[in-house]
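Its first residue numbered 8, the sequence shown is counted upward by one per residue in our numbering. For each residue, glycine too, the CB sits at the ideal point set by N, CA and C. Everything on this sheet refers to the single structure shown next.
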Amino acid sequence: MVDSKAKMKLGMFVRPCGHHIGSWRHPDAQADAGVNFPHFVQMAQTAERGLFDMLFSADSPTAFTAEPEALHRTHYVAWIEPFSLLVALAGFTKHIGLVCTASTSFEEPYALARRFASLDLISGGRGGWNIVTTGNPAAAANFGDEPHLPKAERYKKAREFADVVRGLWDSWDDDAFVRNRETGVFFDREKMHVLDHHGAYYNVQGPLNVARSPQGQPVIVQAGASDDGRELAAETAEVVFTAHEELDAAKAFYDDVKGRMAKYGRERDDLKIMPGLSVIVAPTRQEAQDKFQSLQDLIHPDIGVAVLSRKMGFDFSGFPVDGPVPPVPSSNVLSSRVDALVEAAQRDNLTIRQLYQKFCSTRGHFSLIGTPADIADQMTEWFEKGAADGFNFIAPYLPGGLDNFVDLVVPELQRRGVYRTHYEGTTLRDNLGLKVPVSRYAKEART
Ligand SMILES: Cc1cc2nc3c(=O)[nH]c(=O)nc-3n(C[C@H](O)[C@H](O)[C@H](O)COP(=O)(O)O)c2cc1C
Numbered sequence: 008m009v010d011s012k013a014k015m016k017l018g019m020f021v022r023p024c025g026h027h028i029g030s031w032r033h034p035d036a037q038a039d040a041g042v043n044f045p046h047f048v049q050m051a052q053t054a055e056r057g058l059f060d061m062l063f064s065a066d067s068p069t070a071f072t073a074e075p076e077a078l079h080r081t082h083y084v085a086w087i088e089p090f091s092l093l094v095a096l097a098g099f100t101k102h103i104g105l106v107c108t109a110s111t112s113f114e115e116p117y118a119l120a121r122r123f124a125s126l127d128l129i130s131g132g133r134g135g136w137n138i139v140t141t142g143n144p145a146a147a148a149n150f151g152d153e154p155h156l157p158k159a160e161r162y163k164k165a166r167e168f169a170d171v172v173r174g175l176w177d178s179w180d181d182d183a184f185v186r187n188r189e190t191g192v193f194f195d196r197e198k199m200h201v202l203d204h205h206g207a208y209y210n211v212q213g214p215l216n217v218a219r220s221p222q223g224q225p226v227i228v229q230a231g232a233s234d235d236g237r238e239l240a241a242e243t244a245e246v247v248f249t250a251h252e253e254l255d256a257a258k259a260f261y262d263d264v265k266g267r268m269a270k271y272g273r274e275r276d277d278l279k280i281m282p283g284l285s286v287i288v289a290p291t292r293q294e295a296q297d298k299f300q301s302l303q304d305l306i307h308p309d310i311g312v313a314v315l316s317r318k319m320g321f322d323f324s325g326f327p328v329d330g331p332v333p334p335v336p337s338s339n340v341l342s343s344r345v346d347a348l349v350e351a352a353q354r355d356n357l358t359i360r361q362l363y364q365k366f367c368s369t370r371g372h373f374s375l376i377g378t379p380a381d382i383a384d385q386m387t388e389w390f391e392k393g394a395a396d397g398f399n400f401i402a403p404y405l406p407g408g409l410d411n412f413v414d415l416v417v418p419e420l421q422r423r424g425v426y427r428t429h430y431e432g433t434t435l436r437d438n439l440g441l442k443v444p445v446s447r448y449a450k451e452a453r454t
């Protein structure tokens, strides 16, 4: 394992035009990004120039990813399927990791294990799988007539699914393929392992018909935040993607998840916690604020009002957007975050437009607006206070938002000594400072 412990890790959250709802309308964004492969190549190469650990693609197998009444105003409704995208990007990059989301509710473990092992082989050891159970019930309607399973059951199924996938990835020892032309032996039969899994949800014989990949296994990423989600992360994840707006909450999450790992025989460093981070950077604070406001002004009222109404459980559509926020019955308020926003609206006399702009800008992620030094200071504080091992960078708009981050913030982080100046190794595991997992069969042989 290459030692890269002391440095902050960076992921690049892949979204066609950017993370901000209004991004696709921004002059520095690529409005047709979702069908524009060269745009993604440029994005991947810029992230690699910024020495990012990985590209990270979220995914959900449905077009209904936003409020139905405003779906026609969102850019991520339709874009290139992310797994295919990442495989293609492997050919245009050398160092950056390629992490894709895939659902344990709508995939089959054998097929998924095969695809991700292949991604790892194609990319020379840069693959990763973000395990999700898919919370969006709209996806279920694309896979037959069965209703979406309740969350607790989805997590049960996810555990078995992940265990089968990892078992399949151990089908072959590292040195199984001798390919001896003289003896005519292609592989050593002792070094092939048949999983023979029979469980509550899956029966899978194995072995996988893909050889063990350079990382041993692709990196396992997870993004659940509930008790079940945290437990699954502590047991199986090597990277956790999370959303926090405040350092204290991020630190509490960090300590909680890392504190659960020992009972699974894992060390705290075996898992990297990376909150999402949205950045708007400019040479002066005023310029950065102006940039942010110009982006906020691109949120169409249809979508702003729809998002606000859903979050608050109250229909704002009949009220003038530039009028005051009407009183919301307290029984409709669903969470402490919503509660805080209602309070802010009353205290600061916000209009409906101002309130939805607050809501929609980063959707719960850590957000920084300022000069390169401001941004680097705050990132360093989270990192050094043990609230994060790094960040998943969510560019408000693309490609401009990523270009600015790489050109302005990365050198500041490097000057502070908290970020790498070159890639430490050749695989995603090397760069993240993660161990190569020992095959379950080698472990069995040892015990
Ligand atoms: C930062 C973050 C990113 C996520 N990305 C995805 C995704 O790409 N696809 C998906 O189906 N779910 C995604 N999720 C949802 C989680 O996988 C999980 O289903 C959801 O958070 C509900 O589980 P929980 O209650 O354990 O948090 C994400 C969640 C978080 C916090």
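In angstroms with no decimal places, state the Cα-to-Cα distance between D235 and T243. Here the question's residue 235 lines up with position 228 in the sequence shown. Here the question's residue 243 lines up with position 236 in the sequence shown. Those two C-alpha atoms are separated by around 12 Å.
DSSP beta-bridge partners for S285? Here residue 285 corresponds to residue number 278 of the sequence shown, with the count starting at 1. The partner list for S285 (beta bridge, DSSP) reads S374.
How long is the line joining the alpha carbons of L409 and M50, rounded to whole angstroms? As a position in the sequence shown, residue 409 is number 402, starting the count at 1. As a position in the sequence shown, residue 50 is number 43, starting the count at 1. Cα to Cα, the separation comes out at about 8 Å.
Straight-line CA distance for F412 to F20? Sequence index remark: in the sequence shown, residue 412 carries index 405 (1-based). Sequence index remark: in the sequence shown, residue 20 carries index 13 (1-based). If you take the alpha carbons of F412 and F20, they lie about 13 Å apart.
Would the beta-carbon of S178 be found less than 7 Å away from any heavy atom of ligand 1? Against the sequence shown, residue 178 aligns to sequence position 171. Not one heavy atom of ligand 1 falls within 7 Å of the beta-carbon of S178.
Would you say D203 touches ligand 1, meaning its beta carbon is less than 7 Å from a heavy atom? Numbered from 1 along the sequence shown, position 196 holds the residue referred to as residue 203. It does not: the Cβ of D203 is nowhere closer than 7 Å to a heavy atom of ligand 1.
How would you label A97, buried or exposed, when you count the other beta carbons within 10 angstroms and need 16 or more for buried? Here residue 97 refers to the residue found at position 90 when the sequence shown is read from its first residue. Residue environment: A97 is assigned as buried (16 or more neighbouring CB atoms within 10 Å of its CB, all protein chains considered).
For W136, three-class secondary structure by DSSP: Translated into the one-based positions of the sequence shown, residue 136 becomes position 129. Looking at W136 - three-state DSSP - the assignment turns out to be strand.
Counting C-beta neighbours from all protein chains within 10 Å, is the total for E197 16 or more, i.e. buried, or is it exposed? Residue mapping note: residue 197 aligns to position 190 of the sequence shown, counting from 1. Counting the other CB atoms within 10 Å of its CB gives E197 a total below 16, which places it among the exposed residues.
So V228 is in the beta strand (DSSP E); what residue range does that whole segment cover? Counting from 1 along the sequence shown, the entry for residue 228 is found at position 221. Bounds of the beta strand (DSSP E) holding V228 are V226 to Q229.
Hey, could you find the ends of the alpha helix (DSSP H) V247 is sitting in? Position 240 of the sequence shown, counted from the start, is the residue given in the question as residue 247. Per DSSP, V247 belongs to no alpha helix (DSSP H); it is in the beta strand (DSSP E), V246 to T249.
Any heavy atom of ligand 1 inside 7 Å of the beta-carbon of V349? Translated into the one-based positions of the sequence shown, residue 349 becomes position 342. For ligand 1, not one heavy atom lies less than 7 Å from the Cβ of V349.
I'd like to know if V228 contacts chain C, where contact means its C-beta is closer than 8 Å to some C-beta of that chain. No chain C is part of this structure, which consists of one protein chain only.
Quick one: what's got a C-beta closer than 6 Å to R32's C-beta in the same chain, skipping five residues either side? The residue given as residue 32 occupies position 25 in the sequence shown. Excluding sequence neighbours, R32 sits near L305.
Which term fits A452, buried or exposed, when burial requires 16 or more other beta carbons within 10 angstroms of its beta carbon? What you label residue 452 is simply residue 445 of the sequence shown in a count that begins at 1. A452 counts as exposed, since fewer than 16 other C-beta atoms from the protein chains shown sit within 10 angstroms of its C-beta.
Quick one: is R219 buried, meaning 16 or more other Cβ sit within 10 Å of its Cβ, or exposed? For the purposes of this step, residue 219 is taken as the residue at position 212 of the sequence shown. In the assembly as shown, R219 is a buried residue. Its beta-carbon has 16 or more other beta-carbons within 10 Å.
Bounding residues of the alpha helix (DSSP H) (the contiguous stretch that carries M199): Walking along the sequence shown from the start, residue 199 turns up at place 192. Looking at the DSSP string, M199 is not in any alpha helix (DSSP H), and its letter there is neither H nor E.
With a CB to CB cut of under 6 Å and the five nearest residues on each side skipped, what residues in its chain are close to A402? Against the sequence shown, residue 402 aligns to sequence position 395. When the five nearest sequence neighbours on each side are left out, the beta carbons in the same chain lying within less than 6 Å of the beta carbon of A402 are those of G25, G408 and L409, in order along the chain.
Run the CB neighbour count on P89, radius 10 Å, all protein chains shown included, and call it buried at 16 or more, exposed below. Within the sequence shown, residue 89 is the residue found at index 82, counting from 1. Its Cβ being crowded by 16 or more others within 10 Å, P89 is buried.
Run of the beta strand (DSSP E) containing A109, from where it starts to where it stops: Here residue 109 is taken as the residue at index 102 of the sequence shown, counted from 1. Where A109 is concerned, the enclosing beta strand (DSSP E) stretches over G104 to S110.
Tell me, please, which residues DSSP counts as bridged to L62. On the sequence shown, residue 62 is found 55 positions in, with the first residue counted as 1. BP columns for L62 point to M19 and L105.
D396: CB within 7 Å of a non-hydrogen atom of ligand 1: Working through the sequence shown from its first residue, we reach residue 396 at position 389. Incorrect: D396 has no Cβ contact closer than 7 Å to ligand 1.
Do the region 165-177 and the region 149-157 meet, that is, are 3 or more Cβ pairs less than 8 Å apart? The region 165-177 and the region 149-157 do not touch, with fewer than 3 CB-CB distances between them shorter than 8 Å.
Taking the alpha carbon of M61 as the reference point, which residue from Q212, R436 and H205 has its own alpha carbon closest? Working through the sequence shown from its first residue, we reach residue 61 at position 54. The shortest C-alpha separation from M61 is found at R436.
For D203 and P214, I'd like the C-alpha separation in whole angstroms. Taking the first residue of the sequence shown as 1, we reach residue 203 at position 196. Taking the first residue of the sequence shown as 1, we reach residue 214 at position 207. Between the alpha carbons of D203 and P214 lies a gap of roughly 8 Å.
Backbone CA spacing between P34 and Q364 [nearest angstrom]: To locate residue 34, count along the sequence shown from 1; it is residue 27. To locate residue 364, count along the sequence shown from 1; it is residue 357. A straight-line Cα-Cα distance of about 19 Å links P34 and Q364.
For A395 and P282, believed in contact at Cβ under 8 Å, the rounded distance: Residue 282 sits at position 275 when you count from the first residue of the sequence shown. Residue 395 sits at position 388 when you count from the first residue of the sequence shown. Correct: roughly 5 Å between the Cβ atoms.
Out of L375, D255 and A250, which has the shortest C-alpha to C-alpha gap to Q229? Counting from 1 along the sequence shown, the entry for residue 229 is found at position 222. Nearest C-alpha to Q229: A250.
Considering only residues of the same chain and omitting the five flanking positions on each side of D10, which have a CB-CB separation below 8 Å? Residue 10 sits at position 3 when you count from the first residue of the sequence shown. Unreliable placement is indicated for D10, whose pLDDT of 48 sits below 50; no coordinate value is reported for it.
Close beta carbons around E110, own chain, < 8 Å, minus the five adjacent residues each side: If you number the sequence shown from 1, residue 110 lands on position 103. Correcting the residue type first, residue 110 is Ser in the shown sequence and not Glu. The residues are D66, S67, P68, V139, T140, T141 and A146.
Could you please give the first and the last residue of the uninterrupted beta strand (DSSP E) stretch that includes F400? Here residue 400 is taken as the residue at index 393 of the sequence shown, counted from 1. Element bounds for F400: G397 to F400.
Using the Cα positions of V445 and T100, report the straight-line distance between them to the nearest angstrom. On the sequence shown, residue 445 is found 438 positions in, with the first residue counted as 1. On the sequence shown, residue 100 is found 93 positions in, with the first residue counted as 1. Answer to the nearest angstrom: the Cα atoms are 28 Å apart.
Inspect the CB distances between the region 349-358 and the region 375-386 and report whether three or more fall short of 8 Å. As far as the Cβ criterion goes, the region 349-358 does not touch the region 375-386, which means the pair count is below three.
Measuring from the CB of V139, is there a heavy atom of ligand 1 at a distance below 7 Å? Numbered from its first residue, the sequence shown carries residue 139 at position 132. At least one heavy atom of ligand 1 is nearer than 7 Å to the Cβ of V139, so yes.
For P406, the three-state DSSP class (helix, strand or coil): What you label residue 406 is simply residue 399 of the sequence shown in a count that begins at 1. It is a strand residue.
Using CA coordinates, which residue listed in R360, S324, F63 and M319 is at the minimum distance from A347? As a working note, residue 347 is residue 340 in the sequence shown. Nearest C-alpha to A347: M319.
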